[in-house]
Amino acid sequence: MKSRVTSAIDFNALGMQSDYARVPYSSDVSAYGWIPVPMVCFNGGNGPTAVLTAGTHGDEYEGQVALRKLVQVLSRTQVEGRVIILPALNQPAVAAGRRNSPLDGGNLNRAFPGTADGGPTAMIAHYVATELFPMADLVIDLHSGGSSLDYFTVTLAHPGRDDGEAQAVRRLLDVFAAPYSIITDGSGGGAKSTLYAAAEQCGVPAISTELGSGATLSRHGLAIAQDGLARVLRQYGIAPDLEVPQPERTQFVKFIREGAIYAPCPGLFEPFVATGEQVEAGQVAGLVHRLEDVGSDPVELRFKANGTVAYRRFPTLTATGDALFGLMVVQ
Ligand SMILES: [Zn+2]
């Protein structure tokens, strides 16, 4: 079924255009209205197409700000190829400052490939998968830790379905050159329902990022996003005149499944180690102070593997099953 999302942007027209992906939504206050998902297209007519997204989760800000700044940069430089930028992809979630959409509860990074006649979140996913991915030569979806996680600065990618795709993904990770890169099958999180997993299914090399902590803006994470985007647009010949800092070398790491620690009961989480710290199997990771049982000892958490802390829960209040720590190791 064809997407019901429309736009005034003509992707084949040269120059810069700014409009929306217009997502039909019938509400109490607007029977025939649409949700305005901001979209900008730069087309120089002579090179590959990059689709760049952020705000897939509304409370993750480094990517949202980096893409808004990139629009300003590209409006002052020569664009040879084509760049399609959506800095607030799940716009209702962005406007609410929340991870998921307040309209339908939808988590856009668990909604792919979406449906043409679903709720707003499913319709956005379907539009990206069926209208934008077919135009794309590369996809970058910028995420951060958001409200609930304190995340190390990493780039993530699915491995690709064959050797050629694997090489294309590897090149994108190398050129973006975040300090750390992880190739994952998504089995620890969103599996096939994420944006970058859906891009892989369309044969488009795609990367995602984690760039910060909490619902705020990290200057360090923002700089990684800006530098990485500029390097990719320059190296792929899309915006060859962009000034880019000296490329760094990304370090390939991987998650260790047995390294994750989840909250065993409702309580107050007291971590003993920080994101980025090296830890050893058996080391005490922290405590969970039982919410309703003050008389008992707090629950002691211990790491089950050696590694580097990839993420840590950000809020103190925790419920059974919350992810408290994740570990990664150098590949
Ligand atoms: Zn996210």
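Residue numbers (my numbering): 141 to 471.
For every residue, glycine included, the Cβ atom is placed at its ideal position computed from N, Cα and C.
All figures in this text were calculated on a predicted structure; none of them were measured in a lab.
- In the DSSP assignment, Q391 falls outside any alpha helix (DSSP H) and lies within the beta strand (DSSP E) extending over 391 to 402.
- In this structure, D244 lies away from T217, with their beta-carbon atoms at least 8 Å apart.
- Non-local beta-carbon contacts of E440 in its own chain, meaning distances under 7 Å to residues more than five positions away in sequence, involve V424, L427 in chain order.
- Considered as a whole, the region 353 to 436 harbours 359 to 375 as its complete alpha helix (DSSP H) runs of no fewer than 4 residues, in chain order.
- With respect to the 8 Å criterion, M179 and I224 are classified as neighbours on the basis of their beta carbons.
- Counting along the chain, no alpha helix (DSSP H) covers F292, and no H or E run does either.
- Not a single heavy atom of ligand 1 lies less than 7 Å from the C-beta of E440.
- Separation of the CB atoms of A206 and L282 is rounded to 6 Å, and the pair is thereby assigned contact status at 8 Å.
- Apart from the 5 residues on each side of it in sequence, G187 sits with its Cβ closer than 6 Å to the Cβ of E220, G221, G377, I378 in its chain, given in chain order.
- CA-to-CA, the gap between A265 and S436 works out to about 47 Å.
- Remark: the shortest separation between the CB of T146 and any heavy atom of ligand 1 does not fall under 7 Å.
- The alpha-carbon separation between G300 and P253 amounts to approximately 17 Å.
- Going by C-alpha positions, I175 is about 42 Å away from V413.
- Between ligand 1 and the CB of H197, the shortest heavy atom gap is smaller than 7 Å.
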